[in-house]
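Participant: 15 is the number of the first residue of the sequence shown in the working numbering; add one for each residue after it.
Don't be surprised by glycine CBs; every beta carbon is placed ideally from N, CA and C.
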Amino acid sequence: MPLPDFLIAGAPKAGTTALHAALQRHPELYLSPVKEPKFFLTDGPPPTRGGPGDVQTYREHVWRQEDYEALFAAAPPGTLSGEATPFYLYDRTAHRRIRDAVPHVRFVVVLRDPVERAHSNWTHLWSAGLEPIGDVVRACAEEDRRVTAGWAHFWHYVRLGRYGEQLAHLLTLFPREQVLAFRYRDLVDRPAVTLDRICAFLGVRQGLLAEVPRENVTAHPDAGRTWTSGTHSTVAAHGSPRQPYLSSRA
Numbered sequence: 015m016p017l018p019d020f021l022i023a024g025a026p027k028a029g030t031t032a033l034h035a036a037l038q039r040h041p042e043l044y045l046s047p048v049k050e051p052k053f054f055l056t057d058g059p060p061p062t063r064g065g066p067g068d069v070q071t072y073r074e075h076v077w078r079q080e081d082y083e084a085l086f087a088a089a090p091p092g093t094l095s096g097e098a099t100p101f102y103l104y105d106r107t108a109h110r111r112i113r114d115a116v117p118h119v120r121f122v123v124v125l126r127d128p129v130e131r132a133h134s135n136w137t138h139l140w141s142a143g144l145e146p147i148g149d150v151v152r153a154c155a156e157e158d159r160r161v162t163a164g165w166a167h168f169w170h171y172v173r174l175g176r177y178g179e180q181l182a183h184l185l186t187l188f189p190r191e192q193v194l195a196f197r198y199r200d201l202v203d204r205p206a207v208t209l210d211r212i213c214a215f216l217g218v219r220q221g222l223l224a225e226v227p228r229e230n231v232t233a234h235p236d237a238g239r240t241w242t243s244g245t246h247s248t249v250a251a252h253g254s255p256r257q258p259y260l261s262s263r264a
């Protein structure tokens, strides 16, 4: 049964897409062709309701077991396979599903300053035309209401940055040696050293990766624009921002 040997498990807006692209270049690693399958976030079909853009994003989930396993079927013999779903760190029920399915999996976790992460998260959704509130502080103040209403994880600006709680729970289910956590700035400022650290953790050759591609662009929000609650209908899903700029500047 082909299942991943490692997971890039978090955090959102902390360089996971770029890291996925970087590790794809390693000859001893195989990354799933779908970067963010989200398989372990549900026990079956994803929800059918949520916040702006959530329903369409849910349709992208790879939630059937056979479809998920197919993502790793083409891995060459002797390689380690992995995928990147940055919500796995945040979702405690995902921790349990992962433990039950692949108890020996290794977790690669990128942690970004929680305030910077939240702002980048809000910028992504605002620029995509999905976030109806044009002020990050006021948007964060809506978080409890949105969580209660069933909006998807990507709207949990503050909660997604509570890494201590998330890691503490993960470590109740997995031994410490199966979890590598490091800072987003390490990936940006010292990519070769950080990629070697990841390769050492995974047990593959070091010295083969020196840079992290600039991936997963976001858009600068227009400070002068006033949006209405209906504006989000012009954009299909979370990942469709306008006027891209590099994620390392998010």
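When you compare only the Cα positions, how much space is there between G67 and L144?
Facilitator: When rounded, the distance between both Cα atoms is 7 Å.
Participant: Let me check understanding here. Comparing Cα to Cα, which of Y104, L185, E179, C154 lies closest to Y171?
Facilitator: Among Y104, L185, E179, C154, the Cα nearest to that of Y171 is on C154.
Participant: If you compare alpha carbons, which of H118, P61, L17, D149 is closest to A166?
Facilitator: Of the candidates H118, P61, L17, D149, the one whose C-alpha sits nearest the C-alpha of A166 is P61.
Participant: Going by DSSP, which residues form a beta bridge with A195?
Facilitator: A195 is bridged to V123.
Participant: Consult DSSP for Y82 and reduce its assignment to one of helix, strand or coil.
Facilitator: Helix.
Participant: Distance, Cα to Cα, L181 vs T93?
Facilitator: Whole-angstrom Cα-Cα distance: 27 Å.
Participant: Which of the three DSSP states, helix, strand or coil, is assigned to Y177?
Facilitator: Three-state DSSP puts Y177 in a helix.
Participant: Based on Cα-Cα distance, which residue from P26, P16, T31, A23 lies nearest to R228?
Facilitator: Among P26, P16, T31, A23, the Cα nearest to that of R228 is on T31.
Participant: Based on Cα-Cα distance, which residue from F188, D105, R73 lies nearest to P117?
Facilitator: Per the Cα distances, F188.
Participant: Rounding to the nearest angstrom, what Cα-Cα distance links D57 and V218 in this structure?
Facilitator: Taking the straight line joining both Cα atoms gives about 32 Å.
Participant: Decide if P26 is buried, meaning its Cβ has at least 16 other Cβ atoms within 10 Å, or exposed.
Facilitator: It is buried - the Cβ of P26 has at least 16 other Cβ atoms within 10 Å.
Participant: Distance check for A98 and Q220, CA to CA, integer angstroms please.
Facilitator: Taking the straight line joining both Cα atoms gives about 20 Å.
Participant: Taking C-beta to C-beta, are S95 and F101 nearer than 7 Å?
Facilitator: No, these two residues do not count as a Cβ contact at 7 Å.
Participant: Just the C-alpha distance for I147 and V226, rounded to the nearest angstrom, thanks.
Facilitator: One C-alpha to the other measures close to 33 Å.
Participant: Just verifying my parser: in three-state terms, what is the DSSP assignment at I112?
Facilitator: Three-state result, I112: helix.
Participant: As a quick exercise: from S141, W136, A142, pick the residue whose alpha carbon is nearest that of E156.
Facilitator: Closest by alpha carbon: W136.
Participant: Hey, could you find the ends of the alpha helix (DSSP H) S95 is sitting in?
Facilitator: First-last for S95: 94-98, but that is the beta strand (DSSP E), not the alpha helix (DSSP H).
Participant: Just the Cα atoms here: how many angstroms apart are E42 and E130?
Facilitator: Rounded to the nearest angstrom, the two C-alpha atoms are 33 Å apart.
Participant: Quick check: what's the CA-CA separation for T232 versus V69?
Facilitator: With a pLDDT of 45 at T232, under the threshold of 50, the modelled position of this residue cannot be trusted, and the question is left open.
Participant: Taking Cβ to Cβ, would you say L45 is nearer than 7 Å to L33?
Facilitator: Cβ atoms of L45 and L33: not closer than 7 Å.
Participant: Could you have a look at A32 and say whether DSSP puts it in helix, strand or coil?
Facilitator: A32 falls in the helix class under three-state DSSP.
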